[in-house]
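Student: Heads up, the sequence shown is in the UniProt record's numbering, so the first residue is 1 and it goes up one at a time. C-beta atoms are modelled at their ideal positions from N, C-alpha and C, and glycine is treated no differently. Can you read through this structure? Questions will come right after.
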Amino acid sequence: MKKFLFLTAIAFSVISCSKDSGNLNLTGEVKGLKQGTIYIKTAKENGIVTLDSIVFDGKSQFKTNLNIEEPQVLYLSLNRGVSQSQDKNLMFFAEPGEMKITTSLERFYGDAKIEGSKNQELFDKYLASKRNLTNRQNDLIKDQMLYSKSGFQNKADSLEKAIQSTTKRIYLNAVNFALKNKDKEVAPYVAITEIAPISNKYLDTIQKSIPDNIAKSLYGKALIEMNK
1 MKKFLFLTAI AFSVISCSKD SGNLNLTGEV KGLKQGTIYI KTAKENGIVT LDSIVFDGKS
61 QFKTNLNIEE PQVLYLSLNR GVSQSQDKNL MFFAEPGEMK ITTSLERFYG DAKIEGSKNQ
121 ELFDKYLASK RNLTNRQNDL IKDQMLYSKS GFQNKADSLE KAIQSTTKRI YLNAVNFALK
181 NKDKEVAPYV AITEIAPISN KYLDTIQKSI PDNIAKSLYG KALIEMNK
């Protein structure tokens, strides 16, 4: 918990918001949305904090400006206006410059297209590779359960090795990604969020591989703190 608080406290401390100026110009569209509110959020020590809110009144496009000192993860949260709950959330890896997010009201998360962030582009590729491995693992688990329920316990047991092997591949896939993309902020982010929760075996290797500018970044500092 202490390590999580360290990370989120840093995230809050480096962001400010301005409607008219900022080094991140964020534009986008939520197709099909006419009424509702978009919230741009970050994590803070005591919870999630709203950095900006954009009210939709007849138009589906939006734009805002934020000041961020470096690439970091933010969240786009949608309140459709039909309830008090904010029932749609989209994570994105923000970077200074021009960014565009387009999605739909019907599939806010599934239809999201995020442009203008190299870290996001790399993270999307990582998530796609992880999804392929996870789908394979789920298929094996389903087959194992079916064999077991049908009384073919030997066949069910024979799949356990394949399941464990796929689990290891999911973990090593994250490690390889972090090492391959060590010159981007997404590398320590994946180490913190995808690797550390499973095992800290490769954290030291990843930490030593990242260049100085990444080590001094938001997630680089958090990785170093976590690896102490």
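Hey, could you find the ends of the alpha helix (DSSP H) Asp212 is sitting in?
Tutor: Counting from one through the sequence shown, the residue named residue 212 turns up at place 212. Note, Asp212: alpha helix (DSSP H), Asp212 to Ala215.
Student: Is the beta carbon of Glu185 sitting closer than 8 Å to the one on Asn119?
Tutor: Here residue 185 corresponds to residue number 185 of the sequence shown, with the count starting at 1. Here residue 119 corresponds to residue number 119 of the sequence shown, with the count starting at 1. Against a cut-off of 8 Å, the Cβ pair of Asn119 and Glu185 comes out as a contact.
Student: Would you say Ile195 and Leu203 are within 8 Å of each other, going by their C-beta atoms?
Tutor: Locating residue 195 in the sequence shown gives position 195, counting from the first residue. Locating residue 203 in the sequence shown gives position 203, counting from the first residue. Yes, they are a contact pair.
Student: Taking the beta carbon of Pro197 as the centre, do at least 16 other beta carbons fall within 10 Å, making it buried, or is it exposed?
Tutor: Working through the sequence shown from its first residue, we reach residue 197 at position 197. Exposed: under 16 other Cβ atoms inside 10 Å.
Student: Tell me whether the beta-carbon of Asn65 lies closer than 8 Å to the beta-carbon of Gly36.
Tutor: Counting from 1 along the sequence shown, the entry for residue 65 is found at position 65. Counting from 1 along the sequence shown, the entry for residue 36 is found at position 36. Their beta carbons are not under 8 Å apart, which means Asn65 does not touch Gly36 by this criterion.
Student: Looking at the structure shown, is Phe56 part of a helix, part of a strand, or coil, going by DSSP?
Tutor: Mapped onto the sequence shown, residue 56 falls at position 56. In this structure, Phe56 counts as strand in the three-state DSSP scheme.
Student: Compute the Euclidean distance between the alpha carbons of Leu146 and Ile163, then round it to the nearest angstrom.
Tutor: The residue labelled residue 146 in the question sits at position 146 within the sequence shown. The residue labelled residue 163 in the question sits at position 163 within the sequence shown. If I take the Cα positions, the gap works out to 14 Å.
Student: Kindly indicate which residue of Ala187, Gly97, Arg80 and Pro71 has the alpha-carbon position closest to the one of Thr27.
Tutor: On the sequence shown, position 27 is the one that residue 27 refers to. Comparing Cα positions, the closest option is Gly97.
Student: For Ala128, count neighbouring Cβ atoms within 10 angstroms of its own Cβ and tell me buried if that reaches 16, exposed if not.
Tutor: Locating residue 128 in the sequence shown gives position 128, counting from the first residue. By the neighbour-count rule (16 or more Cβ atoms within 10 Å), Ala128 is not buried but exposed.
Student: Just mark Asn181 as buried or exposed, buried being the case when its beta carbon has 16 or more other beta carbons within 10 Å.
Tutor: Along the sequence shown, one-based indexing puts residue 181 at 181. Buried is the call here.
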